[in-house]
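Each residue of the sequence shown is one higher than the last, beginning at 166 in my numbering. One structure is given here, and the rest of the page talks about it.
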Amino acid sequence: MFFFVIAPCILRMLQYVLKEEIFLEGIKVYMKKQWSNLDDFWDLMQSVLDKQQNTDRGYISLKNLMDPWVKKKQYPVLKSHTELNSNMKKLNVIMENMSGTFKIPVTYIRLPKPNFHNILPKFWIYFKSVVRLTFVFPYVTWLLLNLQQTGYYRVNYQKNDLLEIGGYLHTKNYTNIHVLNRAQIIDDTFHFVTTGEFDSPATFWYLVAYLHQELDYIAWYPMFKAMERMSFIIPFNESIHFKTKILGLLRPLLQKIGYEEFNIDEDDLTKCLKQEAVKWACVLGDIECKKMAERKLEWHLSNKTSNYLLPWWRKWTYCNGLSISTTSFSKVFHNLNDIFETNNSKILEYLACTNKTSDIQLAVLGKNLSSENNPRKNIIVRNCISVFFDVILRHAKDKLLHVIISHWEKLN
């Protein structure tokens with residue numbers, strides 16, 4: 166199973182190790198023939214490569230280079246730090262392969278003038294070895310490694326290097342760094358902070374602070390995943406600092422891209438970015454986000470037929486809108502008996518989102534729904550229990566929880 170997960174990453178890396186035209190030719194030949202195992206694949210790719218080997222690059226044995234990548238259930242780490250000799254005007258970059266088996270293909274650009282056009286490996290770092298490069302300072306102030314994340318490995322920069330990279334990202338020229346590298350820097354830094362291999366969380370927050378101007382979903386994606394990892398602190402008072410920092414990034418973003426999908430020509434990644442951004446803004450309690458959901462809900466309820474909600478916006482609209490809405494409960498759930506007596510589970514999920522806890526109490530525990538004489542009591546009870554669990558999740562700190570528990574016998 167692991168191989169199927171990493172296979173696309175390894176193939177992409179191989180594409181850039183070989184050059185695209187050689188890789189595509191090998192794949193074309195491979196697809197035309199019947200091959201039984203991985204060794205056959207390497208033999209075929211080697212034969213294609215041998216016909217076009219560039220002597221300037223030296224002989225490449227694909228099997229020796231790539232075997233560890235497909236046989237080990239891990240990825241290597243390239244550790245990098247710089248030493249500046251201001252008197253000699255020299256910048257030394259020391260790169261260390263932290264793996265005992267992998268040979269890492271190294272690509273880099275020199276900044277502040279990045280050039281992402283040539284992403285063939287400049288050299289390979291072998292097992293537990295160190296490479297030292299020297300550049301003239303200040304023409305080169307730092308290096309960015311693993312261009313377009315073509316190599317399946319993480320880069321562990323030292324603090325000063327990340328501060329330099331972060332400083333560049335905070336400028337208007339941040340898009341000069343390829344979006345895949347912007348994403349990788351965030352993902353790798355968060356990983357090393359959480360594993361304790363990088364001991365400066367403040368540097369991570371400085372790095373991601375540039376996201377207030379970022380409009381690409383690819384760069385935002387690792388930050389959303391990091392937010393998921395950190396979200397367990399949201400219910401606690403200690404989360405105020407976390408919420409403030411994240412909302413400080415999301416609010417400028419939403420001011421630029423908006424809260425709704427109006428333009429059918431909008432690209433899919435922008436739609437994904439918008440959906441994730443509004444989800445997290447509301448989860449973190451942003452009042453403007455909730456007001457937008459409330460307005461959207463009122464618009465929808467005024468004419469459900471013509472004012473249609475896209476399926477992927479229904480939960481956000483209902484749950485966040487109902488959390489602050491002054492709309493009458495009966496207007497939203499006007500056929501509540503029918504809802505309970507069918508398996509319209511999505512609507513029942515929204516029921517638990519309302520801020521009117523007395524209405525939830527009436528809906529779930531009302532005599533008209535829990536009566537022994539109701540012929541459809543089994544269906545009603547099953548759906549009541551579903552709502553009960555949703556209410557527990559959302560109202561665990563409210564007095565409603567005690568009301569529900571005290572009526573548990575009616576739901577049992």
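Ideal Cβ placement from N, Cα and C applies to all residues, glycine included. Note that the coordinates shown come from a computational prediction; the quantities given were computed from them, not determined experimentally.
Sub-8 Å separation of residue i and residue j beta-carbons
i	j	result
residue 224	residue 209	no
residue 378	residue 346	no
residue 353	residue 247	no
residue 286	residue 309	no
residue 228	residue 207	yes
residue 482	residue 458	yes
residue 373	residue 351	yes
residue 256	residue 292	no
residue 130	residue 337	Here the chain comprises residues numbered 166 to 577, so residue 130 is not present and cannot be evaluated.
residue 472	residue 447	no
residue 259	residue 217	no
Proximal residues to residue i (C-beta, below 8 Å), its chain only, five neighbours per side dropped
i	result
residue 375	331, 334, 335, 339
residue 289	230, 268, 269, 270, 271
residue 426	436, 439, 475, 478
residue 423	439
residue 449	399, 408, 411, 412, 415
residue 274	280, 281, 308, 309, 312
residue 428	none
residue 226	211
Close beta carbons around residue i, own chain, < 7 Å, minus the five adjacent residues each side
i	result
residue 362	321
residue 477	440
residue 261	244, 295
residue 183	214
residue 282	none
residue 181	284, 285, 315
Inter-residue spacing [alpha-carbon to alpha-carbon] between residue i and residue j
i	j	result
residue 234	residue 202	16 Å
residue 490	residue 394	30 Å
residue 242	residue 349	13 Å
residue 197	residue 515	53 Å
residue 193	residue 172	17 Å
residue 328	residue 556	45 Å
residue 179	residue 211	12 Å
residue 469	residue 364	53 Å
residue 305	residue 342	15 Å
residue 434	residue 323	32 Å
residue 406	residue 558	24 Å
residue 366	residue 250	27 Å
residue 204	residue 451	55 Å
residue 359	residue 319	14 Å
residue 417	residue 454	12 Å
residue 369	residue 445	19 Å
residue 239	residue 232	13 Å
residue 403	residue 298	44 Å
residue 189	residue 176	11 Å
residue 535	residue 456	Summary for residue 535: the model assigns pLDDT 49, below 50, so the residue's position carries little reliability, and this model does not support an answer.
residue 185	residue 174	15 Å
residue 430	residue 391	30 Å
residue 396	residue 191	45 Å
residue 344	residue 276	16 Å
residue 170	residue 554	35 Å
residue 432	residue 199	39 Å
DSSP bridge partner residues for residue i (one or two, in chain order)
i	result
residue 288	271
residue 246	259
residue 299	257
residue 320	243
residue 310	273
6 Å Cβ shell around residue i - same chain, five flanking residues per side excluded
i	result
residue 532	Residue placement at residue 532 is poorly supported in this model, since its pLDDT is 43, which falls under 50; the coordinates still yield a value, given next. Result list for residue 532: empty, nothing under 6 Å.
residue 487	518, 519
residue 220	The predicted position of residue 220 is uncertain, since its pLDDT is 49 and thus under 50; no value can be drawn from it.
residue 264	241
residue 316	178, 270
residue 357	321, 363
residue 461	482
residue 371	331
residue 419	442
residue 300	256
Near the ligand NAD: residue i beta-carbon under 7 Å from a heavy atom
i	result
residue 431	Within the structure as shown, the ligand NAD is missing, as the structure has no ligands at all.
Cutoff 8 Å: residue i Cβ touching any chain D Cβ
i	result
residue 171	Absent here is chain D; the protein component of the structure consists of one chain.
Check whether the region 464 to 471 and the region 408 to 419 touch, using three or more Cβ-Cβ pairs below 8 Å as the test. no
Per the contact definition of three or more C-beta pairs closer than 8 Å, is the region 379 to 399 in contact with the region 439 to 457? yes
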